[in-house]
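Data block below; observations after.
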Ligand SMILES: [Mg+2]
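Numbering (my numbering), first residue to last: 382 to 572.
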């Protein structure tokens, strides 16, 4: 079996994509539901200016990341994948979120080899550095950018990432499906 380099985004990919809604609703006095989240940019969903959202995030960001719920199957599937593959978390979160990010991964007993907090949505360079075989993402723009650079992407289906995809992007619906795809991929690589 080929040891694959698996790059995994954090927010919306291993965390529940809608965990921030409750706090944001309260702060901005909105009544957003998960199905209303049709934009990736949260300030657009909330109908507020970007700097207003940034202000909210500067107050509640750490708490939001700490409280984030985990997606179904994540711990089980990543623990299994970690036995035979490299697990690299690659997030756009800022370096200042390192402690809360590591703490959350430990709390949920998610094993990994490396974590990169890029502070930027541009993940192509890091995918190259890590020799990514498969990149798991929830952001539509990131998926397109990575796929255009030649990387294979699994795009985890969300209300905000609908749209046409490229041939090396596979839309997936849950982590058990991700596990199956990776198992098939590593068999194919080995043969
Ligand atoms: Mg994400």
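Cβ atoms here follow ideal geometry from the backbone N, Cα and C, with glycine treated the same way.
Check	Outcome
Start and end of the beta strand (DSSP E) containing residue 499?	Looking at the DSSP string, residue 499 is not in any beta strand (DSSP E), and its letter there is neither H nor E.
Report yes if the C-beta distance between residue 446 and residue 481 is below 8 Å; otherwise report no.	yes
For residue 390 and residue 472, what's the separation of their Cα atoms in angstroms?	5 Å
For residue 421, which residues of its own chain have a beta-carbon under 8 Å away from its beta-carbon, when the five flanking residues on both sides are left out?	520, 521, 522, 541, 542
Beta carbon of residue 520: closer than 7 Å to some heavy atom of ligand 1?	yes
Under the DSSP definition of a beta bridge, which residues are partnered with residue 388?	469, 516
Take residue 507 and list the residues in its own chain whose beta-carbon comes closer than 7 Å to its own, dropping the five residues that flank it on each side.	471, 497, 499
Alpha carbons only, please: which of 403, 397, 513 is nearest the one belonging to residue 441?	403
Would you call the stretch 391-398 and the stretch 447-454 in contact, with 3 or more CB pairs under 8 Å?	yes
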